[in-house]
Every structure is written in C-alpha cells, then in structure tokens.
Amino acid sequence: EPEVTQTPSHQVTQMGQEVILRCVPISNHLYFYWYRQILGQKVEFLVSFYNNEISEKSEIFDDQFSVERPDGSNFTLKIRSTKLEDSAMYFCASSELSSGANVLTFGAGSRLTVL
Amino acid sequence: SQKIEQNSEALNIQEGKTATLTCNYTNYSPAYLQWYRQDPGRGPVFLLLIRENEKEKRKERLKVTFDTTLKQSLFHITASQPADSATYLCALDWAGNNRKLIWGLGTSLAVNP
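These protein sequences, in sequence, are chains X and W. With my numbering applied, the first sequence covers 796 to 910. With my numbering applied, the second sequence covers 504 to 616.
Given below as structure tokens:
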C-alpha cells in the first residue's frame, strides 16, 4: 500500500535554530499538506500546496514557516527560527486530485522538540 | 460561530459491546463527513466517509450515520475489541473550502478486555 514517508521521526533543536522537516507524498497525489498537533490538542491545519504553490495557509503559518517542493518527490516544511511553542508533532499528508471527497493519507509524523 | 465537536469525555467500554461516538457541527454545510483513527504518536488513518445524501454507510464492523438536519454524525464500532482502542477523529469536507478539512478534537476510545 502506498504511503507518505516523513523524516526525521524526531528532532530536538535549540530555540532560534532552523529546522527542515521532509516528506515524500504518494507519487500520484497532487495536493500536499502540513498539519501540526500539539500534545493533547487537535490536529491543526498549517498549509496546503498544489501545482507548486501554496493554495491556503492558516494563521499559524507565519513568516517563520515556508514550504517547498524542491524536486518531483520531496515536500519540505522549514521553520526559520524555532520557538518553544513550535514543539509538536508535524504531519505531512497528501491527496489525489478529485472532484469528490478529499481523503488524506498522512505520514507517521515528525516530532519536534524545541529546547 | 462555526464549531465542530466530538464527545469530550473519553469512552470506556467492555470488549464485545458497541461503541458509539458522536460528531456535531454548527454553521457548516459539508458535502462529506470523514472519520479517521489516530493511534498515539501516529498520523490519522482514514476509515470511512459518508456523503451528505447518504443516511448510513457500513464497512465491516464500522457504521456511520449522517443527519444533515441535526448536523450530526454517529460512528459505531460493533463487537468492539481491545485493538479498537484509539482516538477517533471526524472531519468535514466540502469542495468550496479549498480542499481543506475541518477537524474535530477527537474522542479517545478504550476497549477493556
């Protein structure tokens, strides 16, 4: 079964450092997403990406965040200068281009700990 | 205001019983309602979806109902097993929302042997 893969599974960083989280979406999917989940809280939408550009971003996705699809397979989330409150699980997801329901396939997540 | 709510309390049931989880929403008009399962430290996994013009959908031991008048979906797991213990999330989906799902907080289910 095709899957979304994410690396690293866990990253510990110092406040103020840059972090890049990587994702390989399912190959025939065209929509890509980053979500965040702080421990014990709900899954929060960060950004969606389609046709090599951001299609929507949330209020959380401020200037410290950026996304990129540097090649045909990877989809990255960069946090320029991490803050303590960025500590969370970050999930990448992808979905097919469809006129019907938008079913997401999630990766296993990258746990980010900011000290 | 727009809201989506799931059972706030964790649900504890005995193995073999039916678990029923609720998802209520206000001021949304989803075309689809999706249910996902999330295990600790893992990403959500899609289980089932139901369309606005469907009343009920089944898949093995899972059953979902959708009442667009009440703005509610019920998710049932029959003959529950300890392996069903997880958090279950509902998500609203409609084409006009730029393909962004609206997520509930989730309900934690524990099935006791």
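Note that CB positions come from ideal geometry on N, CA and C, so glycine has one too. Predicted model, so just to flag it, every value in this text is computed and none were measured.
- request: Using a Cβ-Cβ cut-off of less than 9 Å, give me the residues of the region 533-548 of chain W that come near chain A, in sequence order.
  value: The question asks about chain A, but that chain is absent: this structure's protein chains are X and W.
message: Looking at chain X, is there any beta carbon in it that lies within less than 8 Å of the beta carbon of leucine 552 of chain W?
response: yes
field: Beta-carbon neighbours of lysine 506 of chain W, restricted to chain X and to distances below 7 Å
entry: None at all; the shortest Cβ gap to chain X is about 12 Å.
field: C-beta neighbour in chain X for lysine 603 of chain W, strict 8 Å
entry: yes
query: Going by DSSP, what residues sit across from tyrosine 828 of chain X in a beta bridge?
result: X/Ser843 and X/Ala888
query: Which residue from X/Glu839, X/Ser822 and X/Ser894 puts its Cα closest to that of glutamate 854 of chain X?
result: X/Glu839
Separation of aspartate 858 of chain X from tyrosine 539 of chain W, as counted between CA atoms: 31 Å
- prompt: Which partner residues does aspartate 596 of chain W have in the DSSP bridge list?
  reply: W/Tyr535
- prompt: Starting from phenylalanine 856 of chain X and walking both ways along the beta strand (DSSP E), at which residues does that stretch end?
  reply: Careful: phenylalanine 856 of chain X lies outside any beta strand (DSSP E) and carries neither H nor E.
query: Taking the DSSP output, what are the residues bridged to glutamate 508 of chain W?
result: W/Asn527
query: Looking only at its own chain, which residues have a Cβ that is under 7 Å from the Cβ of glutamate 557 of chain W, when we skip the five neighbours before and after it?
result: Phe569
query: Mind pulling the chain W residues with CB within less than 7 Å of asparagine 897 of chain X?
result: Asp596, Arg602 and Leu604
task: For leucine 608 of chain W, return the contacting residues in chain X, with the cut-off set at a CB-CB distance below 7 Å.
output: Lys837
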